[in-house]
Structure formats: structure tokens, C-alpha cells
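Remarks on the structure that follows.
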DNA sequence: TTGAGATATTTAGCTACGCTAACTAACATA
DNA sequence: TATGTTAGTTAGCGTAGCTAAATATCTCAA
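Chains as they are written, first to last, in the numbering used here: chain U, 758 to 909; chain V, 758 to 909.
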């Protein structure tokens, strides 16, 4: 068999394994590139992502937020604490069950997300803008599939 | 304007900003889901990714590896140290320039990658296998675009 | 009604990854 | 030979993920 390139592409080009493999690699590289833009917005990606759920999906308990964001509760608890310290969300005690803490985005949270998210993906958006309409459309079609693969 | 859902979808559905935004979110969720599988393989994603470059692309200097992986040199230096400690790669001194350290995957590194990478993306691959052929093909077409957006 | 278990969150402590700054070693060159 | 440049390591910081254990509250059955 040929020396190296032969193994660079896993077995069958369109096989589920190959697709999964390349998708994984692409996702890693895409996010690494975006991390720097995130830095500029002054808020980390995990925090922004959690805040985004609150802004677009409304108030939630910390446990629910953890599930949506696919992290453990203590991790989300800390993210929430950081966002609260920054004035981006507030805790709202649940009247009927005092164990639960519902969190909701503050006005500052909404503002930061809308302004920040734009700035944050601006670099990516600029590159997306350079693609052809057909290419962009191809991506739009695939995104829901990716979310499905991500398990919601 | 309508209350919440109106702002849930950024402006124009096919606009570069909207595409970038949704893509970013999808990538985050996809990788979070995969991290757990990574854990099972006993080697972290960043290490596996660096090792993968060596296995599929051949020996490289640490600086080159850092550039490919889009991290700073000290970060890669530490990843390399960890991989070396695990016997997955070895340092090969450069005869002509004793400053540079070339690293290459050991047999164990090759073995782990081939076995591990399969296992690692197995869960994702299983879900990919559940997609229709058309859906799979759509993803295959988009992956190169994602890599391009990631800046190589 | 009280006591045992279940549930929601926090706290504590660990590992790992990313960064910058500062250091060492080796090379290049004036 | 001295000066500057380049490759890599070390040190130290912040953040994110995890598990285990603590705290507070709720539920429910004896």
C-alpha cells in the first residue's frame, strides 16, 4: 500500500466513521479559531452560551441550565456565580420550592449578549460572507443536523 | 415588535451573522457531547488531536505543531510533555540545529490513535449512521467549508 | 408529626488547557 | 566577540470540567 496519505483518510470516504471523524476535527479547529474572538468580547464562551440560553429561552433553574449546556450542576453553579457577579443575570427564588434557584438574564445581560454575540462571531461572519450563496446555503442546511448529532 | 421569539433568530435567516451564530452554537454543543467519549479513551481531545497530526502528517517540530493546532508554543510544549510521558511520542533531536525538537509518534501512539479514534467517534458515528444518505452527503460537502472557515 | 430518603444547589479540591512573561540554549551575523 | 534572533521550557494565572461531600428543603409514610 502507499505510504502515508492512504491512512490519512479513514476507510470509506462516506462511511459514518469517516464523516464523524472529519466533523469532529472540523469542530475542534473552528472553535479554537473562535476562542480568540470570544476573548475580545470580555466574556468566555461557556458563560456566553449559558447566558444565551437565558436570553433566548427565558428563565430556568440551574439544573435545567446544566442539562441544556451539557455540563454537571456544580460547573453550571460556578458559571452562574460568575455571570451574577458580572451583573448579567439575577437569581429569582422560587416561591413554591425554596431549594430551587431560578436565574434570568438582566437588562445588562440582554444587552451584552446582543451586542457581544454580534462582535464575537463577526470574524466568522466575515468569512462566511466570503462564501458563495450556495456554500452558505449548504451550511444552513447542515446546522440542524449538527444540533441533532449533538443530542439537542 | 413581538416579544421574545422575534429576537431568538438573529435578523435575516441566511445572513452571514445568522449562519455564523448558529454554526458556532452547533460546534459548541457537538464538542461538549464528544468530550465524554474522549474521556473514555483515556486521552484528552487536545492531546489526541496533536497526536493525530503526527500520526497522519508525520514528524514535526513543536512550533509547527503549535501552529497547526492553533495554540501557543508553551501550550503545545506541555501537551508534548504529557504525550511523551505516556510513551505516545518521542523527541528526535535535529542534527543540524540543536534548538529544535522534532517529535514523532511511537508505535504505541499509532496504535492508540487508530484504536482510540475509532472508539472516540464511535458514538457520533452511530448517530451519523442513523441519518439518511442525503443528510450524510450534505455534511460531507460542508466539512471542507468548515475547515476553511477555521482558517485551515 | 416526625424521621428517612430524595432533590437542588453550593463548596471544596483536583486535573487539564489556554494564556503571557521570563528564562535558557543555540544559532546567525556584524 | 558581542548582539540579536529563534526554539523551547518553566512559572504562574484564570477558567472549565469533574467528583465527593455538605447544606437546605421538600416529600411521604409510619
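Beta carbons: idealized from backbone N, C-alpha and C, even for Gly.
query: So what does DSSP say about residue 835 of chain U, is it helix, strand or coil?
result: Mapped onto the first chain, residue 835 of chain U falls at position 78. DSSP places residue 835 of chain U in helix when its eight states are reduced to three.
message: Mapping the DSSP letters down to three states, classify residue 773 of chain V as helix, strand or coil.
response: For the purposes of this step, residue 773 of chain V is taken as residue 16 along the second chain, with counting starting at 1. Three-state result, residue 773 of chain V: helix.
field: Pairwise C-alpha distance: residue 852 of chain U and residue 899 of chain U
entry: Within the first chain, numbered from 1, the residue matching residue 899 of chain U stands at position 142. Within the first chain, numbered from 1, the residue matching residue 852 of chain U stands at position 95. Distance between the alpha carbons of residue 899 of chain U and residue 852 of chain U is about 42 Å.
- request: Inspect the CB distances between the region 814-825 of chain V and the region 779-791 of chain V and report whether three or more fall short of 8 Å.
  value: no
field: C-beta neighbour in chain V for residue 908 of chain U, strict 9 Å
entry: Residue 908 of chain U sits at position 151 when you count from the first residue of the first chain. Closer than 9 Å: yes.
- prompt: When DSSP labels each residue in this structure, what does residue 816 of chain V get in the three-state scheme?
  reply: By 1-based counting over the second chain, the position of residue 816 of chain V is 59. Here residue 816 of chain V sits in coil by DSSP.
query: Expressed to the nearest angstrom, what Euclidean distance is found between the alpha-carbon atoms of residue 764 of chain V and residue 823 of chain V?
result: As a first step, residue 764 of chain V must be located in the second chain, where it is residue number 7. As a first step, residue 823 of chain V must be located in the second chain, where it is residue number 66. Below a pLDDT of 50, predicted positions are generally treated as unreliable, and residue 764 of chain V, at 35, falls in that range; the measurement from the model is reported next regardless. Near 39 Å, if we compare the C-alpha coordinates of residue 823 of chain V and residue 764 of chain V.
message: Give me the residue from U/883, U/855 and U/846 with the minimum Cα distance to residue 804 of chain U.
response: The residue labelled residue 804 of chain U in the question sits at position 47 within the first chain. Nearest C-alpha to residue 804 of chain U: U/846.
- request: Compare the Cα-Cα distances from residue 819 of chain V to each of V/772, V/799 and V/861 and report the closest residue.
  value: Here residue 819 of chain V is taken as the residue at index 62 of the second chain, counted from 1. The shortest Cα separation from residue 819 of chain V among V/772, V/799 and V/861 belongs to V/861.
field: Within 9 Å, strictly: CB atoms of residue 840 of chain U and residue 866 of chain U
entry: Here residue 840 of chain U refers to the residue found at position 83 when the first chain is read from its first residue. Here residue 866 of chain U refers to the residue found at position 109 when the first chain is read from its first residue. Residue 840 of chain U is a Cβ neighbour of residue 866 of chain U, given a cutoff of 9 Å.
- prompt: Residues of chain V with CB under 7 Å from residue 777 of chain U, in chain order?
  reply: Position 20 of the first chain, counting from 1, holds the residue named residue 777 of chain U. Chain-order list of chain V residues neighbouring residue 777 of chain U: 878, 881, 882 and 885, by C-beta distance under 7 Å.
query: According to the neighbour-count rule (16 or more other Cβ atoms, all chains shown, within 10 Å of its Cβ), is residue 882 of chain V buried or exposed?
result: Mapped onto the second chain, residue 882 of chain V falls at position 125. In summary, residue 882 of chain V is buried, with 16 or more beta-carbon neighbours lying within 10 Å of its beta-carbon over all protein chains present.
message: Tell me the rounded alpha-carbon separation between residue 825 of chain V and residue 809 of chain V.
response: The count along the second chain starts at 1 and reaches residue 825 of chain V at position 68. The count along the second chain starts at 1 and reaches residue 809 of chain V at position 52. Distance from the CA of residue 825 of chain V to the CA of residue 809 of chain V, rounded to the nearest whole angstrom, comes to 11 Å.
Under the three-state DSSP convention, the category residue 845 of chain V falls into: In the second chain, counting from the first residue as 1, residue 845 of chain V sits at position 88. In this structure, residue 845 of chain V counts as coil in the three-state DSSP scheme.
task: Compare the C-beta of residue 824 of chain U against all C-beta atoms of chain V and say whether one is closer than 9 Å.
output: Translated into positions along the first chain, residue 824 of chain U becomes position 67. Closer than 9 Å: no.
message: Am I right that residue 897 of chain U and residue 885 of chain V are in contact with their C-beta atoms under 8 Å? What's the rounded C-beta distance?
response: Here the question's residue 897 of chain U lines up with position 140 in the first chain. Here the question's residue 885 of chain V lines up with position 128 in the second chain. That pair is no contact at about 19 Å.
- prompt: Nearest-angstrom Cα distance between residue 902 of chain V and residue 871 of chain V?
  reply: Residue 902 of chain V sits at position 145 when you count from the first residue of the second chain. Residue 871 of chain V sits at position 114 when you count from the first residue of the second chain. Computed Cα separation, rounded: 25 Å.
query: To which residues of the same chain is residue 829 of chain U closer than 8 Å at the C-beta, ignoring the five residues directly before and after it?
result: Your numbering for residue 829 of chain U matches position 72 in the first chain. Here the set comprises 823.
message: Quick check: what's the CA-CA separation for residue 821 of chain U versus residue 856 of chain U?
response: The residue labelled residue 821 of chain U in the question sits at position 64 within the first chain. The residue labelled residue 856 of chain U in the question sits at position 99 within the first chain. Approximately 14 Å, taken between the alpha carbons.
message: The beta strand (DSSP E) that contains residue 862 of chain U, what's its start and end?
response: The count along the first chain starts at 1 and reaches residue 862 of chain U at position 105. Run containing residue 862 of chain U: 858-862, per the beta strand (DSSP E) assignment.
message: Can you give me the C-alpha to C-alpha distance between residue 772 of chain V and residue 889 of chain U, rounded to a whole angstrom?
response: Taking the first residue of the second chain as 1, we reach residue 772 of chain V at position 15. Taking the first residue of the first chain as 1, we reach residue 889 of chain U at position 132. Taking the straight line joining both Cα atoms gives about 12 Å.
field: Residues of its chain near residue 833 of chain U, where Cβ-Cβ distance is below 6 Å and the 5 sequence neighbours each way are ignored
entry: As a first step, residue 833 of chain U is located in the first chain; it is residue number 76 there, counting from the start. Hits under 6 Å: 819, 822 and 823.
- prompt: Any Cβ of chain U within less than 9 Å of the Cβ of residue 765 of chain V?
  reply: Stepping through the second chain from its first residue, residue 765 of chain V is reached at position 8. With a pLDDT of only 38 at residue 765 of chain V, under the threshold of 50, the placement of this residue in the model should not be trusted, and no figure is reported.
message: For residue 844 of chain U and residue 869 of chain V, what's the separation of their Cα atoms in angstroms?
response: As a position in the first chain, residue 844 of chain U is number 87, starting the count at 1. As a position in the second chain, residue 869 of chain V is number 112, starting the count at 1. Whole-angstrom Cα-Cα distance: 46 Å.
- prompt: Would you say residue 831 of chain U faces chain V, with C-beta separation under 9 Å as the test?
  reply: Indexing the first chain from 1 puts residue 831 of chain U at position 74. Not closer than 9 Å to any Cβ of chain V, the Cβ of residue 831 of chain U fails to qualify, so no.
- prompt: What does residue 785 of chain U reach in chain V if we use C-beta pairs closer than 8 Å?
  reply: As a working note, residue 785 of chain U is residue 28 in the first chain. Near residue 785 of chain U (Cβ distances below 8 Å), the residues of chain V are 788, 802 and 806.
- prompt: Short check: CB of residue 791 of chain V to CB of residue 802 of chain V, under 9 Å?
  reply: As a working mapping, residue 791 of chain V is identified with position 34 in the second chain. As a working mapping, residue 802 of chain V is identified with position 45 in the second chain. Cβ atoms of residue 791 of chain V and residue 802 of chain V: closer than 9 Å.
- prompt: Going along the chain, which residues of the region 886-905 of chain V sit with their C-beta nearer than 9 Å to a C-beta in chain U?
  reply: Flagged, chain order: 886, 887, 888, 890, 892, 893, 894, 895, 896, 897, 898, 899, 900, 901, 902, 903, 904 and 905.
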